[in-house]
Amino acid sequence: MRLRFEKRVAPSQFMQVATPVASVLLTMVIGAILFEALGYDGPRAVKEIFLTPIIESYKWQDVATRAAPLILIGLGLSVGNRAKVWNIGAEGQYIIGALSGAGVAYGTQSAQGLWIIPLMILAGIVGGMAWAAIPALLKVRFQVNEILSSLMLTYVALQVLSYLITGPWKDPNGHNFPQTAPFTDAQLMPHTLFGTFIPPGLVVAFGLALVFWLVIAKTTFGYQIRVVGAAPQAARYGGFDAAQTVFLAMLIGGGTAGLAGIIEASSQSGQINLGFPSGYGFTAIIVSFLGRLHPVGVVIAGLLMAVSYVGGQVAQSAVHVPNATAGIFQATMLFLLLASDKLVRYRLRLVRAPAKPITAGASA
Amino acid sequence: MSIDFLISALVTIIGVSTPILLAATGELVVEKSGVLNLGVEGMMLIGAIAGFAVTNATFNPWAGLICAAAAGVLAASMFGVLVLTLGSNQVATGLALSIFGIGLSSLIGQAYEGTMNPPFGSIFPYELAHHPYGKVLFGHSPLVYFAFVMVFATSWFLNRTRAGLVLRAVGENDLSAHSIGYSVVGVRFAAIAFGGALAGLAGAYFSMVITPIWAQQLTAGRGWIALALVVFAGWRASRLIFGAYLFGFLMTLELYAKASGYHVMPSQFWASMPYLMAVVVLAVISARDRGGSYAPACLGRPFVPNG
Chain H
1 MRLRFEKRVA PSQFMQVATP VASVLLTMVI GAILFEALGY DGPRAVKEIF
51 LTPIIESYKW QDVATRAAPL ILIGLGLSVG NRAKVWNIGA EGQYIIGALS
101 GAGVAYGTQS AQGLWIIPLM ILAGIVGGMA WAAIPALLKV RFQVNEILSS
151 LMLTYVALQV LSYLITGPWK DPNGHNFPQT APFTDAQLMP HTLFGTFIPP
201 GLVVAFGLAL VFWLVIAKTT FGYQIRVVGA APQAARYGGF DAAQTVFLAM
251 LIGGGTAGLA GIIEASSQSG QINLGFPSGY GFTAIIVSFL GRLHPVGVVI
301 AGLLMAVSYV GGQVAQSAVH VPNATAGIFQ ATMLFLLLAS DKLVRYRLRL
351 VRAPAKPITA GASA
Chain E
1001 MSIDFLISAL VTIIGVSTPI LLAATGELVV EKSGVLNLGV EGMMLIGAIA
1051 GFAVTNATFN PWAGLICAAA AGVLAASMFG VLVLTLGSNQ VATGLALSIF
1101 GIGLSSLIGQ AYEGTMNPPF GSIFPYELAH HPYGKVLFGH SPLVYFAFVM
1151 VFATSWFLNR TRAGLVLRAV GENDLSAHSI GYSVVGVRFA AIAFGGALAG
1201 LAGAYFSMVI TPIWAQQLTA GRGWIALALV VFAGWRASRL IFGAYLFGFL
1251 MTLELYAKAS GYHVMPSQFW ASMPYLMAVV VLAVISARDR GGSYAPACLG
1301 RPFVPNG
């Protein structure tokens, strides 16, 4: 008797949903054991990381604030991932988007009016798209691997940020700190909307999730994205331009990352400083996968990741584990999900092993 | 410019270049076998804390080095099982490994913050290692020489041995290699483990040689530079040394530009050069050679033997 993987005729719908849930639960168990083994209070650490942010209402704003950029970026990346375009430079596009918006802010310091924030948002989207257009163009024109080029450009973006806030855009009244001048009232979005705990970014993220869901499910473009990703040959027969699809998919990812960047800058940080790049662009890749590239899934996964971030901070003060340990949970979740992915496409079956002659040759 | 300054700059460059050279040599072999492991930064940090903790417990840096390499192999094996056995997405798995390594090293490293180990320097006699000129050749930790040896050994292995040929074949056309009877999964697993060992040692270089005091996330993103270096070298082992020292030179220039306050270009310009150059090289070699005999043809693609 032994276990064997058998390919399913169609991917299992049940497993599509069951595996992420199981991954999360199993992550908690593994996390508790790991922390216990390292001499911390394991069950308490897991409780602080996963439950406290959900139970304690004063943590909801933190969760919502962190979820907004993760969902926004995750939505855009899912479009690319569906088309099998691997944009892993969203962090850079997020930074450049925020900087583009901050550039508008820099130029409108003495201006007033309701047009400033929309212009900043537009600049943010365009900036993120432009940064994504570089690997997109290189990919379409020269078949340059977009994974490598988009990753490299993230580190260039970090240096651009560092240059601008220590050089030309440095706050003259900032006591020599590397940061831009604080945004003026005309450049700031509210932290939260109408006295609730909900930040503007989350509303945009939910709205965009709905739009993406409709586009992917109901439009020709959504179909095109899916076909190019699943079967490039068939896409060519169908008359879809693969290069154009790849290019658009990258730009959508860059656009949402840029949008997330400027919303974060204008509604939360209120200026750009060295602490602005916070790795959302990388975590959003996990969000996109954990959400099964589906807008609704991305929303749930984004909220979950935000919980683990906030929980990481809670655990830092409660159980004295370093903040970065939230990353262990995030990574473990993704590891388990990726590992269990095989169950979506294959079924595990107990089979009676046939008498198999043992050969010296390599067997696959 | 005095000779002393040149020598101290040279020593700095060697120190900066060695870990990225080590990690890039490992990653090159991994990528040559057709696998893209974006977990270099994570494996380096896991190696860094393993090397530090074991040295701290045993007072034996050699034990530390061995454990750093072993920890790197262990982390890489996790990646290998996911990617090769379970066919998971390489990009996502590699990124997860990096995030995991950062978290794990911070968690274990918390207890060691500010702890100091005896420095692990030159193994040559004191007179040679501290001679004003001799130190350029003899003043380094054994890992510096090891990095050089590994590059040449890797170049020889890939280009001159049968096993190296098989590894390249697996990276260029996994299905053909499989149909001739080579174990694609076995070759790739070995390559991934080798990459993990070198990444672990590269991490140990940070925690045992560059600074004897533990600090969280002390590799400071150099794992990503190692990835850029592989691209910059056009997947050729012999060019890694040139690239590593060019990148090391640029990073040293950045340090000096920051420290002196005198600069032709802002220090961020120099800091972003390795990445920009990698993108340019990537574009040039991809344009010159469509389909690419430089980048392994199967890079990043999962191996699915029968449909």
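Residue numbers (the numbering used here), protein chains in the order written: chain H, 1 to 364; chain E, 1001 to 1307.
Where a beta carbon is used, it is the ideal one built from N, C-alpha and C, also for glycine.
Given the structure is predicted, the values throughout are model-derived calculations rather than measurements.
Beta-carbon neighbours of residue i, restricted to chain H and to distances below 8 Å
| i | result |
| --- | --- |
| E:Phe1100 | Gly327, Ile328, Ala331, Thr332 and Phe335 |
| E:Asn1037 | Those do not exist, as E:Asn1037 stays about 12 Å from chain H at its closest Cβ, beyond 8 Å. |
| E:Ser1286 | Leu138, Phe142, Gln143, Val144 and Asn145 |
Own chain residues within Cβ distance below 6 Å of residue i, not counting five before or after
| i | result |
| --- | --- |
| H:Gln224 | Phe240 and Thr245 |
| E:Ala1202 | Pro1019, Leu1022, Ala1023 and Met1044 |
| H:Gly89 | Ser150, Leu151, Leu153 and Thr154 |
| H:Arg349 | Arg4 and Glu6 |
| E:Leu1255 | none |
| E:Leu1282 | Val1231 |
| H:Val104 | Leu119, Met120 and Ala123 |
| E:Phe1012 | Correcting the residue identity first, residue 1012 of chain E is Thr in this sequence and not Phe. Hits under 6 Å: Thr1252. |
Cβ of residue i within 8 Å of any chain H Cβ
| i | result |
| --- | --- |
| E:Thr1025 | no |
| E:Ala1271 | yes |
| E:Trp1224 | yes |
| E:Ala1096 | yes |
| E:Gly1103 | yes |
| E:Thr1093 | yes |
| E:Ala1075 | no |
| E:Val1029 | no |
| E:Ser1033 | no |
| E:Tyr1275 | yes |
| E:Val1304 | no |
| E:Val1279 | yes |
| E:Pro1266 | yes |
Cross-chain neighbours of residue i in chain H, by beta carbon under 9 Å
| i | result |
| --- | --- |
| E:Pro1296 | The premise fails here: E:Pro1296 is roughly 11 Å from chain H at the closest Cβ pair, so nothing lies under 9 Å. |
CB contact check: residue i to chain E, cutoff 8 Å
| i | result |
| --- | --- |
| H:Met250 | no |
| H:Lys47 | no |
| H:Ala90 | no |
| H:Leu99 | no |
| H:Ser278 | no |
| H:Val298 | no |
| H:Ala242 | no |
| H:Asp41 | no |
| H:Ser149 | yes |
| H:Leu38 | yes |
| H:Tyr155 | yes |
7 Å Cβ cut-off: residues of chain H touching residue i
| i | result |
| --- | --- |
| E:Ser1106 | Pro322, Ala324 and Thr325 |
| E:Ala1308 | Only positions 1001 to 1307 of chain E appear in this structure, which leaves residue 1308 of chain E out of reach. |
| E:Gly1300 | Ile147 |
Amino acids of chain E, ordered along the chain, whose beta-carbon sits closer than 7 Å to that of residue i
| i | result |
| --- | --- |
| H:Leu350 | Near H:Leu350 there are no residues of chain E at all, since even the closest Cβ is about 19 Å away, more than 7 Å. |
| H:Ile285 | Ala1092 and Leu1095 |
| H:Met152 | Ala1228, Tyr1275, Ala1278 and Val1279 |
| H:Phe247 | Simply none; closest approach about 16 Å. |
Sequence-distant residues of its chain with Cβ nearer than 7 Å to residue i (five each side left out)
| i | result |
| --- | --- |
| H:Gly222 | Val215 and Ile216 |
| H:Ile30 | Thr332 |
| H:Gln233 | none |
| E:Pro1296 | Glu1031, Lys1032, Gly1034, Gly1171, Glu1172 and Trp1235 |
| E:Pro1119 | Pro1212 |
| H:Met15 | Leu343 and Val344 |
| E:Phe1206 | Pro1019, Ala1048, Leu1218 and Thr1219 |
| E:Ser1105 | Leu1045, Ile1046, Ala1048 and Ile1049 |
Close beta carbons around residue i, own chain, < 8 Å, minus the five adjacent residues each side
| i | result |
| --- | --- |
| H:Ala242 | Val228, Pro232, Ala235 and Arg236 |
| H:Ile328 | Gly31 and Leu34 |
| E:Leu1095 | Leu1038 and Gly1039 |
Residues that residue i contacts on chain B, provided the C-beta gap is smaller than 7 Å
| i | result |
| --- | --- |
| H:Ala339 | Here chain B cannot be found, since the structure's protein chains are H and E. |
Contacts of residue i in chain E (Cβ-Cβ under 8 Å)
| i | result |
| --- | --- |
| H:Lys218 | Those within 8 Å of H:Lys218 in chain E number zero; the least Cβ separation is about 27 Å. |
| H:Phe50 | What H:Phe50 touches in chain E: nothing, since even the nearest Cβ is about 15 Å away. |
Under 9 Å by beta carbon: chain E residues contacting residue i
| i | result |
| --- | --- |
| H:Phe282 | Leu1095, Ser1098 and Ile1099 |
(request) Anything in the segment 1164 to 1179 of chain E with a Cβ closer than 8 Å to a Cβ of chain H? List those residues in chain order, please. (result) Listed by position, the residues of the segment 1164 to 1179 of chain E near chain H (Cβ gap below 8 Å) are His1178.
(message) Along the segment 157 to 172 of chain H, where does the CB come closer than 7 Å to a CB of chain E? Name the residues.
(response) Residues passing the 7 Å Cβ filter: Gln159, Ser162, Tyr163 and Gly167.
(request) Indicate whether the contact test is met: 3 or more Cβ pairs, each with one atom in the segment 177 to 195 of chain H and one in the segment 27 to 46 of chain H, closer than 8 Å. (result) Taking a cut-off of 8 Å on C-beta distances, the segment 177 to 195 of chain H does not touch the segment 27 to 46 of chain H, as fewer than three cross pairs fall below it.
(request) Scan the segment 1228 to 1259 of chain E for residues whose Cβ lies nearer than 7 Å to a Cβ of chain H and list them as they occur along the chain. (result) Residues passing the 7 Å Cβ filter: Ala1228 and Val1231.
(message) Can you pull out the residues from the segment 1044 to 1060 of chain E whose beta carbon lies closer than 9 Å to at least one beta carbon of chain H?
(response) Cβ contacts with chain H come from no residue of the segment 1044 to 1060 of chain E.
(request) Give, in chain order, every residue of the segment 67 to 96 of chain H whose Cβ lies closer than 8 Å to some Cβ of chain E. (result) Per Cβ criterion, the list reads Trp86 and Ile88.
(request) Flag this pair as touching only if the segment 117 to 135 of chain H and the segment 298 to 317 of chain H have three or more C-beta atom pairs under 8 Å; answer yes or no. (result) Not touching, per the Cβ criterion.
(message) Under 7 Å, CB to CB, which of the residues in the segment 1117 to 1150 of chain E have a partner in chain H?
(response) Along the segment 1117 to 1150 of chain E, there is no position whose C-beta sits under 7 Å from a C-beta of chain H.
(message) Assess contact between the segment 7 to 19 of chain H and the segment 326 to 346 of chain H, defined as three or more Cβ pairs (one per stretch) separated by less than 8 Å. Is contact present?
(response) By the criterion of at least three beta-carbon pairs nearer than 8 Å, the segment 7 to 19 of chain H is in contact with the segment 326 to 346 of chain H.
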